[in-house]
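Same order as they appear, the protein sequences are chains L and G. Under this note's numbering, the first residue of the first sequence is numbered 306, with each subsequent residue one higher. Under this note's numbering, the first residue of the second sequence is numbered 306, with each subsequent residue one higher. Built from N, CA and C at the ideal position, the CB exists for glycine as well. A short write-up of the structure that comes next.
There are 2 protein chains.
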Amino acid sequence: MPKDSINSGISHTYAVVLAGGVGTRFWPISRELYPKQLLKIGGEVSLIQQSIVRIQSLIPADRISIVTNTRHYESIRQELGLLGASKSGFKEVHFVLEPEGKNTAPAIGLAALHLRRKDPKGVMVILTADHVIKEKEEFLKNIREAVEIAESGHLVTFGIVPTRPETGFGYIKISEQPSAKIKNGYRVEKFVEKPDLALAEEYLAKGGYYWNGGIFAWRADVILREIEAHLPDLYKHLLVIETALGTPEENEVIKSVYEQIEGISIDYGVLEKSKIGVMLPATMGWTDVGSWSALDEVLPKDKNKNIISGNVIDINSKNSIIYADKRLVATIGLEDMVVVDTPDATLVCHKRNAQDVKKIVDEIKKGKSEEHLVHTTVYRPWGSYTVLEKNERYKIKRLLINPGGKLSLQMHRHRTEHWVVVSGTAKVTCGEKVYEIHTNESTYIPMSTLHRLENPGKVPLQIIEVQNGEYLGEDDIVRIEDVYGRKNEP
Amino acid sequence: MPKDSINSGISHTYAVVLAGGVGTRFWPISRELYPKQLLKIGGEVSLIQQSIVRIQSLIPADRISIVTNTRHYESIRQELGLLGASKSGFKEVHFVLEPEGKNTAPAIGLAALHLRRKDPKGVMVILTADHVIKEKEEFLKNIREAVEIAESGHLVTFGIVPTRPETGFGYIKISEQPSAKIKNGYRVEKFVEKPDLALAEEYLAKGGYYWNGGIFAWRADVILREIEAHLPDLYKHLLVIETALGTPEENEVIKSVYEQIEGISIDYGVLEKSKIGVMLPATMGWTDVGSWSALDEVLPKDKNKNIISGNVIDINSKNSIIYADKRLVATIGLEDMVVVDTPDATLVCHKRNAQDVKKIVDEIKKGKSEEHLVHTTVYRPWGSYTVLEKNERYKIKRLLINPGGKLSLQMHRHRTEHWVVVSGTAKVTCGEKVYEIHTNESTYIPMSTLHRLENPGKVPLQIIEVQNGEYLGEDDIVRIEDVYGRKNEP
Chain L
306 MPKDSINSGI
316 SHTYAVVLAG
326 GVGTRFWPIS
336 RELYPKQLLK
346 IGGEVSLIQQ
356 SIVRIQSLIP
366 ADRISIVTNT
376 RHYESIRQEL
386 GLLGASKSGF
396 KEVHFVLEPE
406 GKNTAPAIGL
416 AALHLRRKDP
426 KGVMVILTAD
436 HVIKEKEEFL
446 KNIREAVEIA
456 ESGHLVTFGI
466 VPTRPETGFG
476 YIKISEQPSA
486 KIKNGYRVEK
496 FVEKPDLALA
506 EEYLAKGGYY
516 WNGGIFAWRA
526 DVILREIEAH
536 LPDLYKHLLV
546 IETALGTPEE
556 NEVIKSVYEQ
566 IEGISIDYGV
576 LEKSKIGVML
586 PATMGWTDVG
596 SWSALDEVLP
606 KDKNKNIISG
616 NVIDINSKNS
626 IIYADKRLVA
636 TIGLEDMVVV
646 DTPDATLVCH
656 KRNAQDVKKI
666 VDEIKKGKSE
676 EHLVHTTVYR
686 PWGSYTVLEK
696 NERYKIKRLL
706 INPGGKLSLQ
716 MHRHRTEHWV
726 VVSGTAKVTC
736 GEKVYEIHTN
746 ESTYIPMSTL
756 HRLENPGKVP
766 LQIIEVQNGE
776 YLGEDDIVRI
786 EDVYGRKNEP
Chain G
306 MPKDSINSGI
316 SHTYAVVLAG
326 GVGTRFWPIS
336 RELYPKQLLK
346 IGGEVSLIQQ
356 SIVRIQSLIP
366 ADRISIVTNT
376 RHYESIRQEL
386 GLLGASKSGF
396 KEVHFVLEPE
406 GKNTAPAIGL
416 AALHLRRKDP
426 KGVMVILTAD
436 HVIKEKEEFL
446 KNIREAVEIA
456 ESGHLVTFGI
466 VPTRPETGFG
476 YIKISEQPSA
486 KIKNGYRVEK
496 FVEKPDLALA
506 EEYLAKGGYY
516 WNGGIFAWRA
526 DVILREIEAH
536 LPDLYKHLLV
546 IETALGTPEE
556 NEVIKSVYEQ
566 IEGISIDYGV
576 LEKSKIGVML
586 PATMGWTDVG
596 SWSALDEVLP
606 KDKNKNIISG
616 NVIDINSKNS
626 IIYADKRLVA
636 TIGLEDMVVV
646 DTPDATLVCH
656 KRNAQDVKKI
666 VDEIKKGKSE
676 EHLVHTTVYR
686 PWGSYTVLEK
696 NERYKIKRLL
706 INPGGKLSLQ
716 MHRHRTEHWV
726 VVSGTAKVTC
736 GEKVYEIHTN
746 ESTYIPMSTL
756 HRLENPGKVP
766 LQIIEVQNGE
776 YLGEDDIVRI
786 EDVYGRKNEP
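What follows is the structure in structure tokens.
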């Protein structure tokens, strides 16, 4: 359907994609620094890319914002092809950056501030980057209906018809008054927290209860008014931020305000208390992918009902999810199991324990290791690096520098670096000298020497870096100049 | 007990340790090139080292032989500390090398040939390198009794009192004639192949049936006479080898004879047919460790009956075996499972499927990958190398060169090599030049250039090698000179 055939209101419609997830439920694939929205689940591309592409049929890229925090910013831009010289269809997407995640109410409030300045009557469609939507045309139809109701000043939530007595979701009870019907929606009688099994069964039997799918539509001015009414502290903080928007102090103010903001969800903080909620039944084929076992609902299975991906040799397993990468995973006779292998960590559990993966992440956090935090591959504005091996005296990394990518001008006080080019051409600054080295050539960066690495070429540059030193932490870096505006964070 | 208090016959007693296992049942820890006898199961040291140390109380190292094949020779010497400048207690142990494994009859025949030349009345105690023996003093007492019976010209087999209707072992039926008793032993009535469950239960109920534990004692001349009688073809082949022993053609003759030899076990080829068999009941606490699930019988368990080792975070698993190395393995709520993680492969199965690990190895062999064959670490006479990463155009290795270790003088036609020293000092020959490089220094070996790497120092030398080239197979090597006598095998 061409854009101009859509009702006129859609030109005041904006999409806000919440992408601040912390990546615990899909560990070890997801990590704090590589969260679920970047995973390719139920499609060839990541969940966040699926979300954006889906809404783009209705709302052009320059009216789409991604709300995320600074820690995920590079990875998301990498995923959307926004780094280097590549041509991405997402160049015009906006980013709203939070210094840290404080749940959905502050994230939505911040996005609403931006929108109110731009288009005071603008409608925000709030999407998440971690659901699978099976029926795209129905989704677009649902969104158009929601926008219409939102324009009239309501807070619209999508309700999913329950198919099982699920205890992991919040529920919405709709009003049964005849006057409660607004277009295809219903006034909300109440939101209810995650129920126990008996209550969930009761809801399912009674009818009139829907799952809260976490997709919303409302006007920027309306949601801010409701935040003012129900979360007055948050609203005051948002006003402080508003005065700084567009000024040189913007980032600093947001950072200091966020330190004082209390984390709270929009559901708990506003929707449960609001009198202007409307629920629209969703027909979009919404599926939450909340844990490994939930993949059963979205991915195709083999004849033994297994979902198997990667370098796996399986003998006679049934109804299991086996996910490998390059390393070999061999499985025999598994039933209802989840096995997930990554370069630095492996998960093995029964499907019924898939929700407990968070506990593993908690256990890891208690220890000193970093497996909850990073993969061996870390994304940077110039490309990425992968740690191949480390011990106390040396560390070996593979660096991938995108065409045009440029590391900061920097030095290290405790380590030297040997660089061997294995593909592409590198421009190297080392002390006073600037020179190029090519595939199969190497160079050496002494300690405390200013240096910079760039990819001046048209193809990716790959370098094997061998660091030697008595201290090899990523924080041994003094940045003199950085085209990406970074200071001394690693 | 001091050696001289043992009966005089023990000075004519020799131990032969069979160590030619192919490493399928403990995949992925064991591999064809790193078999089970090298694993540390039920002790701080490997099974082969446990075997040798145990028998050394009775038989000195210079009367102990290890029969293995050329593929395992380096790994076993590495394991016994026989490489480099280290002081090993096993310096005097002999090796009998088979060019390839042909089951136990040829291996025992070859060892017997060597012994017959040295001490015609010598008694051979045949041990394996893959059992756990719990009662060392009983073991030594059992061996002394067996040697006494063997001296009188019998073929002695140890019988293990069955504790369950095991279908995985062969059984020995002893004669119940009063005249059948020879010291503490019994004449063998018959050997029986692995029974089905009903038959195994019958044996267990009837009594008089023992498991064949695979530990034997006999005179070299007696077993050769029995091989002549029951395996005349093998005997003829052994005679051809005998004429070459000690001559410059020895290795070549053994190699060509072995190509013609049919693989057969000593049990099936000789013991089942022999009339001079005697079985001695074993009181040594013999335990076969035939598969991952058998570890339950030999390793200590935690309060949930798990055997957990390495970098594991477990929540609520029971009765499971979880074996990790440096990578993190996270497990939740497993029951009766086996999880084994290695740098390049992971196994997950139920304990009841542990015997099917061989099928995984078969599957891998059908494909092109090498996971059945090698670990990422490969042992060489000069030390070892570990592949850290490879793709089509480059390969990264960490080389560990023992003090005094010296790689061959060699060249590669399709690759260059960058070497960065991360610890120790390297002596490098590159073309006409010979020079030393130290920690944090690097050098470059061009294509088709003769080169050699040595560790002239007193501490291990570690080098990161980055290979660049269009072909990176281990067989792109032209060896000009090698202190370990290797030619063009990688």
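If we cut at 8 Å on Cβ distances, does residue i have a partner in chain G?
i: residue 664 of chain L; result: yes
i: residue 703 of chain L; result: yes
i: residue 306 of chain L; result: With a pLDDT of 36 at residue 306 of chain L, under the threshold of 50, the modelled position of this residue cannot be trusted, and the question is left open.
i: residue 528 of chain L; result: no
Find the residues of chain L that neighbour residue i, judging by a C-beta separation of less than 7 Å, and give them in chain order.
i: residue 706 of chain G; result: Simply none; closest approach about 16 Å.
Is it the case that the Cβ atoms of residue i and residue j are separated by a distance below 8 Å?
i: residue 403 of chain L; j: residue 353 of chain L; result: no
i: residue 583 of chain L; j: residue 490 of chain L; result: yes
i: residue 317 of chain L; j: residue 427 of chain L; result: yes
i: residue 645 of chain L; j: residue 652 of chain L; result: yes
i: residue 498 of chain L; j: residue 479 of chain L; result: no
i: residue 611 of chain L; j: residue 627 of chain L; result: yes
i: residue 625 of chain L; j: residue 607 of chain L; result: no
i: residue 755 of chain G; j: residue 736 of chain G; result: yes
i: residue 535 of chain G; j: residue 565 of chain G; result: no
i: residue 529 of chain G; j: residue 421 of chain G; result: yes
i: residue 738 of chain G; j: residue 759 of chain G; result: no
i: residue 772 of chain G; j: residue 718 of chain G; result: no
i: residue 419 of chain G; j: residue 398 of chain G; result: no
i: residue 769 of chain G; j: residue 725 of chain G; result: yes
i: residue 477 of chain G; j: residue 454 of chain G; result: no
i: residue 634 of chain G; j: residue 598 of chain G; result: no
So with Cβ pairs under 8 Å, would you call residue i a contact of chain L?
i: residue 371 of chain G; result: no
i: residue 651 of chain G; result: yes
i: residue 549 of chain G; result: no
i: residue 669 of chain G; result: yes
List the residues of chain L whose Cβ lies closer than 8 Å to the Cβ of residue i, in chain order.
i: residue 721 of chain G; result: 745
i: residue 638 of chain G; result: 654, 655, 657, 658 and 661
i: residue 380 of chain G; result: Within 8 Å Cβ-Cβ: nothing; residue 380 of chain G doesn't reach chain L, min ~21 Å.
i: residue 693 of chain G; result: 693, 694 and 701
i: residue 749 of chain G; result: 747
Going along chain G in order, which residues have a C-beta closer than 8 Å to the C-beta of residue i?
i: residue 641 of chain L; result: Near residue 641 of chain L there are no residues of chain G at all, since even the closest Cβ is about 11 Å away, more than 8 Å.
Taking C-beta pairs closer than 7 Å, name the residues in chain G that residue i reaches, listed in chain order.
i: residue 698 of chain L; result: 727 and 728
Under 9 Å between beta-carbons, which chain L residues line up against residue i? List them in chain order, please.
i: residue 634 of chain G; result: 650, 651, 652 and 653
For the ligand PLP, is there any heavy atom lying closer than 7 Å to the beta carbon of residue i?
i: residue 567 of chain L; result: This structure does not include the ligand PLP; it has no bound ligands of any sort.
In this structure, what does DSSP give as the bridge partners for residue i?
i: residue 701 of chain L; result: L/694 and L/771
i: residue 747 of chain L; result: L/725
i: residue 584 of chain G; result: G/462 and G/491
i: residue 688 of chain L; result: L/685 and L/706
i: residue 715 of chain L; result: L/756 and L/784
Strictly below 7 Å CB to CB, what residues from chain A border residue i?
i: residue 644 of chain L; result: No chain A is part of this structure, whose protein chains are labelled L and G.
Output needed in chain order: residues of the region 598-632 of chain G with a Cβ under 7 Å from some Cβ in chain L. Those residues of the region 598-632 of chain G that come within reach of chain L (Cβ to Cβ, closer than 7 Å) are 618, 620 and 632.
Listed from N- to C-terminal order along the chain, which residues in the region 755-785 of chain L have their beta-carbon within a distance smaller than 7 Å of any beta-carbon of chain G? Those residues of the region 755-785 of chain L that come within reach of chain G (Cβ to Cβ, closer than 7 Å) are 769, 771 and 773.
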